[in-house]
Every structure is written in C-alpha cells, then in structure tokens.
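Have a look at the structure below, then the notes.
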Amino acid sequence: MTAYVGRRLVYMLITLFVIVALTFCLMKILPGTPFDAERYLSLSPARQTALLRQYGLDQPVYKQFLQYMRNLLKGDFGISYFYPDRPVLDVIKSRIGPSALVGSQAILMGLFIGMLMGVIAAWRHNGPMDYLTMVVAVLGVSVPNFVVAALLQYFVGLKWGILPVAFWKSWVHSVLPSISLMFSPLASSARFVRTETLDVLSQDYIQTARSKGMSERRMLVKHALRNALLPVVTILGPMIANLLTGSLAIESIFSVPGIGSLFVESVRNNDYPVIMGLTIFFSAFYIVCILLVDISYTLIDPRIRLSKGNEGD
Amino acid sequence: MTRMAENNAAVLSVEDMSVSIKTDNGIVRAVRGVSFSLNQGETLAIVGESGSGKTMTCKGVIGLLPPGGTIDGGTVKLNGLDVTHAHENTLRHIRGSTISMIFQDPLTSLNPTTPIGRQIEEMMLLHRPDMNKQARKARVLEMLDLVGISNPHERVKQYPHQFSGGMRQRVMIAIALTLSPKMLIADEPTTALDVTIQAQILELMKDIQRKTNTAIIIITHNLGVVASVADHVAVMYGGRIIEEGSSDDIFYQHKHPYTQGLLDSVPKINRAERRLFSIPGSPPDLINPPEGCPFTARCGSRMKVCGAYPPPPIRFNGGHSAACWLYDGRAGRKEAGLDG
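These protein sequence lines map, in sequence, to chains S and C.
As numbered in our numbering, residues 1 to 313 make up the first sequence, in order.
As numbered in our numbering, residues 1001 to 1340 make up the second sequence, in order.
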C-alpha cells in the first residue's frame, strides 16, 4: 500500500512536470506581455523594456523556463506581476476560501440529494420518482450552470428578494452560487447511483437479503448502497477537483472573489507566475483527488487490493 | 393468530396454489394449481426443466416472487400460518426464522463487500434481539463449524471472494440454518458446483437435517440429486405437478410419459447407445397455457383428449399419483365426445 502510494506520487510528479512545461509554452504563445501599453497607458516604451528586463522576460523562452523550474524546485512560485510585491502563493491562498466554500457546499448538497434520488428511483423503478429523477438528471446535465445561475438571480434574488443576488459579504451570499453549481453533481450522481442500484438490486445477494427477512430499507442501506457506491466514487474525484477549484462562470456571475475568477484575471493580465501557480495547484489537486479515490476503493470493496498485481491502470 | 393446523407434523401444506407474473409480453401463468405437503424432517424434491414453475412455486411459498408476481389462487400454510393472506411484516418475520432459502449460485448469493461472519450474524440481528453480541458471535462460530468450515475464528472476518464455490454454498447453508428454521428451500443448491463438491453439499444438507429435523424442499433438474436426498418427488411441467410419489415410485414405477422421458435423458454409463435421449420439442408458452395436458405437444402417447381437457391426477398407491389420461378410464368416453 505504502509502496503503491509512493509510486503514484512519483507518477504524479512526472505528470505535473509535463503539464507545467506545456502550460509554460502555451502561455508564452499568448499575445502581449504583462506590461502592455493598453493596460498601463502611462507606461513609456523605455519603462516597459526596463520592466521586462527586471523580470527576466527579455530572455529566450527556454532560459525563462529553466529559471522558473529552478525557482520552483526551491519552492519559489514567484511574485505576481499584477499585484506587485505579493508572492503567488499568497495571492492564491487569499482566493481559495470562497471557492472551497461554494464548491464543497455544492458537492455535499448535490451528492446527498442526487444519491438519495438515485436510490429511490432504482428502488421504485418505473415509478413517478424514477421519472422525476431522470428528468432532473437530464436537465442537470444539459442545462449549463450559468443559465441556472441567471434564473436563480432573477427569481430568488431579484423578484422574491430572498437571497442576495451577488457579492461576497457573508455566508448567505454563498447560497445561490452553491445551488447553481449543485445541479451538475446532483444530476450525474443521481444517474450513476440509479443505474448502479438497479444493477445491484437484480443481484442474487439482494435476494438472499430478502430471504433473510430484511426490511426493504435495511436491505437498501446495508446491502445495496455500498455495492452501488463503488462506480459512483469513480466520478467523485474529478467532480470534487472541478468544483473545489472554482467555477469561472459562476464566480463571475455572482462576483465571488474565488480562485476561478483569479484564473480568468491572471490570463487576461498575462500574469505569468499566477497562471503557472494556479496550473500547478489545479493539476496537483486533481491528481491527488484521483489518488484518494483509488485508495478509497479498497475501503469500499474488499476485493480490490492496491498491490503490485493490479496497479496496471 | 391462526391456530395450528390439525396435522401437527405438516410444516408446509400447499393447496391448489397458482402464481402469475405480469410481464411486458402478458401475464405468465407460472404455476397453475399445485398442491403438496411436507412434514418435519422430510425432503421433497421438485423436479422439472427450466420454466416448469418449480422455482416460482417455492418463491410463492416464501413470499419472494419477482416484481409483478402474485399468488392468485389457493392457500399456502406454513407452520399453521396462512402465508397467502399474511401481512408483509408478518412474512418478513417468518422469512429467515421459520423458513429460509438457499440459492443456485453461491458465487453471487453472498454480499461481496461484507465479511461472511457478519452475513451470518445478520440473521440474529434481524430476528433475535434477545441475543447479545457474544451469543451471536458464538452462534456464528458454531454454524461455521456445523457446515464444516475449518478455522472458523479466522474465516468469519473473510469476504466471500476468499472462499471457493463449495465453501460459499456451505456459508449460505450456515446462514439459512442459523435460526434453526422449520423449513429450508434449496433452489438448485448444487447446480453451480462441480460434481465432487455437489455430493459433499448434499451429504451436508442431509446430515444437518438429521440433526435439526428441518423439512427441506430441494428444487432441481438433476435426477441424481433427487435419488440421493429426496423422500418424495414432485415432477413439474408447464406450471403443474404432473406426477408425484416417493423416490422409488418415480424412479421405478413412474407412469407419466414426461417422467419417462426425463429418466431416459439421464446418461447411463452401462448402456451402449451413443446418442443421449432428449425429449423433442420445447415447453409450452405459459402466457397462453394449453387447455389440456401441458405435455401434449411433445408426448409420444398423446390422444385427442389430452389437448382438450386437463387430466385429473390418478392415484396408484399411497402417495403416488400421475396426471395423465392414459390411466383414466373416462378417457375413451371423452374421446368419443370430441369426435361427436
């Protein structure tokens, strides 16, 4: 197990290196520099060149890359160009909170409601709840979350005035963004759990459970759910990574000062160190989530062992 | 509460039971008027090919019909209780404690994510709130020992995938018998196992029956199984019992052409024939069951009357009876009626 995790961490470093290299090149292809005239009207061409030289941006790209990697190995992510004097890590840290709050609320609510609906839909297969679940699942997957966000803002925020329309002042302000983000995990988990539970309910061991004289509820919770959960865990890793790292659209719509909007800003400003820092953060988080999911398989399904034998994927 | 039946020893009595299942293609009349009874310590084998209604008969008895399935006629009395009219909650309490069931495929009938000790213990958690943890654990070990699983202390913590097929069927038997039920239904308990293991499992079931006096219904299409364990045999075809009697009756005195065909299709080691006999044709469609004897279309001795009227059971001796017009004196008169 330890050896397995260790090996996975090494793979993770290799993956990260490839991502960092690719992003670095792509970023350099972007037109403009961090100190373009259209952004800083007062900036004289001479001052511009001086700034570029100060940050080493006049060097060839490969030299810049080597320098960046050298600093990275020392744990130095650089300093933001846009927020001068602020280290990249500080900038990122200051924006994680809102994204994490909105994202985790969306995931918890979405998963809870989605799994509940999925199990009931499968249990009452072809009943009204089943059809409702399928409709919600299809809508949740196909309607983009910014449409949901706009509708929520209009009705809940503006017309009924129950919740604030935008901005980030208190917890109440996180409710609408969370709800807007909730539908995607809700829909996919409902669909997955429904399919899996239907499959599990037709298994022989469910019949065994019934022949033991078990109540339907106990049978669902103790025997069906756990076995239906495994495939759902698979989609959980990417889902969590996506939501906790912020949604570009939702954070813009609700003016949430989160990490997603920071990413958009940094690209728009050619704020290279922040772009790189965020890229590393996003990818590392994603990879760790997937690793955690793989480890959690063993906890849910005793048949899966993370040993030398089956680490093929 | 229902009073105990007059015949104290009858654990199960099934009277003219019918089962139908609603499907997308129509209503399947899976079981059409089946009667039998079973005393303590006895073993009844229900024999028939796939789709003959043998499994649905038993699922009707234990109340585990598939979705859309109902008992739509007759009565089933289990240990004095009328199962057909009992509330689901009452049935749930009976299941596991008074009647339990083991299934065909031991590889899939155990929950893969739960240790087997836990799956045995669950029976007590469900039905015996008076037993404390210690008593339950002790019983689990006792049961594993009873079904011949060595090292029970270690094995309780293991998961089904760590057991072989035969061992898993032993675990299933342990689960089914944990609460010493009056009645055990074994639905093809050895079909998925290889032959040497089959014999062990049957021997184990007989052995436990001697100790606990449990009544057993064994569903099978394997006549070898029947010969080794059953006291009584009911041969089912097209949702009906077409012949029943003691093991000896069925093997040596059988009357029904279908039973004959069934016995002829068992491979015999000392016979010279190269090709194994098989009954031509296929079983009837139970969505539109035939009017008369269900076997008519495939029967070598069929008469006109067979397709028109269902044959009444004819008694031969004691418990031996067969539903076939060949043995009914009125057949000729009915034939004449059909001609006229």
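Backbone N, C-alpha and C fix where the C-beta goes; we use that ideal spot for every residue, glycine too.
Identity of the residue in the options nearest residue i by Cα
i, options, result
"residue 1115(C)", "1099(C), 1171(C), 1131(C), 1067(C)", "1171(C)"
"residue 1214(C)", "1098(C), 1300(C), 1244(C)", "1098(C)"
"residue 51(S)", "33(S), 67(S), 186(S)", "33(S)"
"residue 1227(C)", "1301(C), 1252(C), 1039(C), 1242(C)", "1252(C)"
"residue 1219(C)", "1173(C), 1043(C), 1262(C)", "1043(C)"
"residue 1184(C)", "223(S), 6(S), 212(S), 192(S)", "212(S)"
"residue 1134(C)", "1117(C), 1165(C), 1149(C), 1311(C)", "1117(C)"
"residue 221(S)", "1158(C), 1111(C), 1033(C)", "1111(C)"
"residue 1087(C)", "1016(C), 1186(C), 1229(C), 1062(C)", "1062(C)"
"residue 1162(C)", "1276(C), 1329(C), 1107(C), 1200(C)", "1107(C)"
"residue 1032(C)", "1284(C), 1330(C), 1010(C)", "1284(C)"
"residue 25(S)", "15(S), 64(S), 162(S), 55(S)", "64(S)"
"residue 1160(C)", "1188(C), 1195(C), 1120(C)", "1120(C)"
"residue 120(S)", "80(S), 216(S), 11(S)", "216(S)"
"residue 244(S)", "4(S), 5(S), 96(S), 44(S)", "96(S)"
"residue 1186(C)", "1101(C), 1256(C), 1164(C)", "1101(C)"
Inter-residue spacing [alpha-carbon to alpha-carbon] between residue i and residue j
i, j, result
"residue 1288(C)", "residue 1268(C)", "36 angstroms"
"residue 90(S)", "residue 259(S)", "12 angstroms"
"residue 1020(C)", "residue 1029(C)", "4 angstroms"
"residue 1303(C)", "residue 1259(C)", "18 angstroms"
"residue 1234(C)", "residue 1073(C)", "20 angstroms"
"residue 71(S)", "residue 279(S)", "16 angstroms"
"residue 9(S)", "residue 242(S)", "20 angstroms"
"residue 201(S)", "residue 1066(C)", "11 angstroms"
"residue 1282(C)", "residue 1298(C)", "8 angstroms"
"residue 1313(C)", "residue 1305(C)", "15 angstroms"
"residue 1225(C)", "residue 1015(C)", "26 angstroms"
"residue 1026(C)", "residue 1068(C)", "11 angstroms"
"residue 1279(C)", "residue 1223(C)", "15 angstroms"
"residue 249(S)", "residue 166(S)", "13 angstroms"
"residue 193(S)", "residue 134(S)", "12 angstroms"
"residue 1002(C)", "residue 1211(C)", "Note on residue 1002(C): pLDDT 38, under 50, position unreliable in the model; the coordinate value appears next. Going by the C-alpha atoms only, they are around 28 angstroms apart."
"residue 1427(C)", "residue 1217(C)", "As displayed, chain C neither begins before 1001 nor continues past 1340, which places residue 1427(C) out of reach and without an answer."
"residue 309(S)", "residue 174(S)", "Since pLDDT at residue 309(S) reaches only 43, below the 50 mark, its modelled position is unreliable, and the value read off the structure follows with that caveat. Roughly 46 angstroms separates the two Cα atoms."
"residue 1139(C)", "residue 1154(C)", "15 angstroms"
"residue 116(S)", "residue 228(S)", "12 angstroms"
"residue 28(S)", "residue 19(S)", "14 angstroms"
"residue 1103(C)", "residue 218(S)", "21 angstroms"
"residue 1195(C)", "residue 1144(C)", "22 angstroms"
"residue 1056(C)", "residue 1070(C)", "10 angstroms"
"residue 127(S)", "residue 17(S)", "51 angstroms"
"residue 1324(C)", "residue 1059(C)", "27 angstroms"
"residue 1017(C)", "residue 1075(C)", "6 angstroms"
"residue 1177(C)", "residue 14(S)", "56 angstroms"
"residue 48(S)", "residue 86(S)", "20 angstroms"
Buried versus exposed call for residue i [16 or more other C-beta atoms within 10 Å across all chains shown]
i, result
"residue 286(S)", "buried"
"residue 313(S)", "With a pLDDT of 37 at residue 313(S), under the threshold of 50, the modelled position of this residue cannot be trusted; read the value that follows with caution. Exposed, because fewer than 16 other Cβ atoms sit within 10 Å of the Cβ of residue 313(S)."
"residue 171(S)", "exposed"
"residue 1265(C)", "exposed"
"residue 1084(C)", "buried"
"residue 155(S)", "exposed"
"residue 1317(C)", "exposed"
"residue 1022(C)", "exposed"
"residue 224(S)", "buried"
"residue 304(S)", "exposed"
Where residue i falls: helix, strand or coil (DSSP)
i, result
"residue 1230(C)", "coil"
"residue 1(S)", "coil"
"residue 1166(C)", "helix"
"residue 197(S)", "helix"
"residue 211(S)", "helix"
"residue 1322(C)", "strand"
"residue 90(S)", "helix"
"residue 1222(C)", "coil"
"residue 253(S)", "helix"
"residue 12(S)", "helix"
"residue 1002(C)", "Bear in mind that the predicted position of residue 1002(C) carries a pLDDT of just 38, short of 50, making it too unreliable to give a figure here."
"residue 1186(C)", "strand"
"residue 1035(C)", "strand"
"residue 100(S)", "helix"
"residue 1071(C)", "strand"
"residue 35(S)", "coil"
Is it true that the segment 233-244 of chain S meets the segment 289-301 of chain S, where meeting means three or more beta-carbon pairs spaced less than 8 angstroms apart?
yes
Check whether the segment 1189-1209 of chain C touches the segment 1121-1132 of chain C, taking contact to mean three or more Cβ pairs, one atom from each stretch, closer than 8 angstroms.
no
May I ask you to verify whether the segment 1045-1054 of chain C touches the segment 1229-1243 of chain C, counting CB pairs closer than 8 angstroms and requiring at least 3?
yes
At least 3 beta-carbon pairs within less than 8 angstroms: the segment 177-185 of chain S vs the segment 93-113 of chain S
yes
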